[in-house]
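Residue numbers (my numbering): 2 to 66.
Yeah, the Cβ is synthetic: ideal placement off N, Cα and C, and Gly gets one too.
The model shown is predicted, which means the values in this text are computed figures rather than measured ones.
Here's the structure we're looking at; comments come further down.
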C-alpha cells in the first residue's frame, strides 16, 4: 500500500514582491525578507538578507542595525 502523504508536495510559504529597483522574496509566516534581486534579467544581482534585518522601500533598501 502507498501512503498518499508521500506524494503530497507542501510548498514553502514564500511571497515574491516587485519593486522599481528589483524583486524580493519574503518568508510569509515570519514576514522576514530572504533574498533581494537588484535589477532584472541576466544582470540582476542577488543578495542573501536572511540573516540581516532590512526594510525595503520603493526607492531602496535600508539595512537596520
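Do residue 64 and residue 53 come within 8 angstroms of each other at the CB atom, strictly closer than that value?
-> When the beta-carbon positions are compared, residue 53 and residue 64 come within less than 8 angstroms of each other.
For residue 45, count neighbouring Cβ atoms within 10 angstroms of its own Cβ and tell me buried if that reaches 16, exposed if not.
-> exposed
List the endpoints of the continuous beta strand (DSSP E) containing residue 24.
-> 23-28
Following the continuous beta strand (DSSP E) through residue 134, name the residue where it begins and the one where it ends.
-> In the structure as shown, the chain begins at 2 and stops at 66. Residue 134 is therefore absent and cannot be evaluated.
What separation, rounded to the nearest whole angstrom, lies between the Cα atoms of residue 57 and residue 16?
-> 14 angstroms
Could you check which residue in 42, 40, 19, 25 has the C-alpha nearest to that of residue 34?
-> 25
Helix or strand or just coil, what does DSSP make of residue 42?
-> helix
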